[in-house]
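Engineer: Here's a structure for you.
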Amino acid sequence: MKRLNDLLLGEQFTTFLVLTKKERRAKKNGEPYLALELSDVTNHMSGVMWDNLETVTAEAGQIVKVAGTVEEYQSQKQIRVDRMRAARDDDDVDLMQLVPSTPEDREQLWQRFQKMIESVAQPSLLALLRRMFAEESFVKDFCAVPAGKKWHHGYLGGLLEHTLNIATICDRLAKIYPQVDRDLLVTAALLHDIGKVDSYNQGPMFDYTDAGRLLGHIVIGAQMVANKIAQFPEFPHELAMKLQHLILSHQGALEQASPVVPMIPEGFLLYYADEIDSKMNAIDRIYKKERAAGSRWSEYVNLLNRYLYIGEAKTGKD
């Protein structure tokens with residue numbers, strides 16, 4: 009399948025892309041045309057379609073089969089689209105070619121995740137974790153959805169990767185601070201973002217589900233865990249309350265959408281572990297983008313309220 013980064017000026021091509029934007033506009037003479045934005049895992053590119061508009065039924069957010077030519081417009085590559093239709097099931101499109109995905113092997117990540125579950129010794133917590141991840145369809149979704157839209161782990165498998173990182177950090181922190189309840193902390197880490205399974209779609213354009221936008225992943229996750237705990241009549245009340253507290257407080261502050269702030273030691277460790285992994289993933293993404301562009305400094309990063317120093321490009325001799 010032809011990728012956007014491989015297309016040359018003047019090249020005619022047919023390939024599958026994600027239609028990320030579609031607007032009907034008018035030329036100066038009043039005739040309509042379509043202004044488009046198309047993307048794959050390598051890049052995004054604007055497009056324009058002048059003719060046969062009535063044949064286009066695809067909408068933004070869909071995978072489309074595109075036939076067109078690469079042209080130049082305002083010193084940038086642009087696709088003149090001749091034909092475009094929504095992808096069909098029998099096209100057998102590889103989503104991994106169109107949508108960003110974790111660089112890690114998802115099967116290996118899941119195996120490590122299962123080992124982390126089995127490392128929990130407290131019987132009630134272990135039984136809860138096993139029950140939470142017992143359904144194959146749920147595991148499939150958990151291993152596929154992103155952990156965010158844009159800021160951190162915004163790609164297929166992002167939630168699995170992020171959750172495992174948090175649990176690994178928390179496991180190590182529990183060795184440094186043996187006074188905390190390691191099993192409670194690790195369980196909370198494995199479940200802290202579980203609500204994102206129902207909060208995000210799986211592409212091709214990552215966005216909130218209706219429930220994700222209306223309720224938020226923290227509330228959804230807390231409800232999911234509460235429903236599973238209710239299946240265990242002997243589950244210790246205080247343990248359940250602490251686990252719920254950790255899920256509800258894991259973003260650290262009311263202004264960061266946590267219904268409550270951390271009030272137990274494990275809550276502080278979970279919050280800072282989450283901060284470390286989410287910020288480092290975002291910073292790594294920014295560094296890769298700016299280094300590829302040869303930049304010495306990043307653009308201003310609003311969520312960090314600062315510029316990031318990229319430094320000199322590495323030559324390979326360093």
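In terms of the working numbering, the sequence shown opens at residue 9 and continues consecutively. Beta carbons: idealized from backbone N, C-alpha and C, even for Gly. Predicted model only: the values in this text are computed from it and were never measured.
1) Apart from the five residues just before and just after Y280, which ones in its own chain have a Cβ nearer than 7 Å to its Cβ?
2) Helix, strand or coil: how does DSSP classify D99 here?
3) Assuming G275 is part of the beta strand (DSSP E), what are its boundary residues?
4) Using only alpha-carbon positions, find the residue among I174, R221 and L251 that is nearest to D189.
5) When DSSP builds the beta bridges, which residues end up paired with K73?
6) Which residues mark the beginning and the end of the beta strand (DSSP E) in which S47 is found?
7) Using C-beta distances below 8 Å, list every residue in its chain close to M124, excluding the 5 sequence neighbours before and after it, in chain order.
8) On the criterion of 16 or more Cβ atoms from any shown chain inside 10 Å, does H258 qualify as buried, or is it exposed?
9) DSSP three-state label for D326, please.
10) Kindly examine the ligand COA and report whether one of its heavy atoms sits closer than 6 Å to the Cβ of D285.
11) Taking all protein chains shown into account, do 16 or more other C-beta atoms lie within 10 angstroms of the C-beta of N289, making it buried, or fewer, making it exposed?
12) Give the DSSP bridge partners of V309, in chain order.
13) Short of 8 Å in beta carbon distance, which residues of its chain neighbour R93, apart from the five on each side in sequence? Order them along the chain.
14) Beta-carbon within less than 8 Å of G229's beta-carbon, same chain only, minus the 5 sequence neighbours each way: which residues are those?
15) Just reading off the beta strand (DSSP E) that V205 is part of, what are its end residues?
16) Do the segment 143-153 and the segment 94-101 make contact, defined as three or more Cβ pairs closer than 8 Å?
17) Looking at G76: is its Cβ nearer than 7 Å to the Cβ of R88?
18) Quick one: grab the DSSP three-state call for A34.
19) Rounded to whole angstroms, how far is the Cβ of L44 from the Cβ of V56, which I believe are closer than 8 Å?
20) Out of I291, T23, L167 and W159, which one is the CA nearest neighbour of Q105?
21) Hey, out of F214, M232, D206 and I237, whose CA is closest to L222's CA?
22) What does DSSP give as the partner residues of H52 in its beta bridges?
Structural biologist: Working from what's here:
1) none
2) helix
3) Not the beta strand (DSSP E): G275 falls in the alpha helix (DSSP H), residues P273 to A300.
4) L251
5) F24 and R93
6) P40 to S47
7) L172, A175, T176, D179, V194 and L198
8) buried
9) In this prediction, D326 scores a pLDDT of 49, lower than 50, which makes its location untrustworthy; the coordinate-derived value is nonetheless stated afterwards. If DSSP states are grouped into helix, strand and coil, D326 belongs with coil.
10) With respect to small molecules bound, the structure shown includes none, and the ligand COA cannot be examined in it.
11) buried
12) R314
13) T63, V64, T65, A66, V72 and K73
14) L199, H200, D201, I202, G203, K204 and I255
15) That residue, V205, is in no beta strand (DSSP E); it is neither H nor E in DSSP.
16) no
17) yes
18) strand
19) 7 Å
20) T23
21) D206
22) S47
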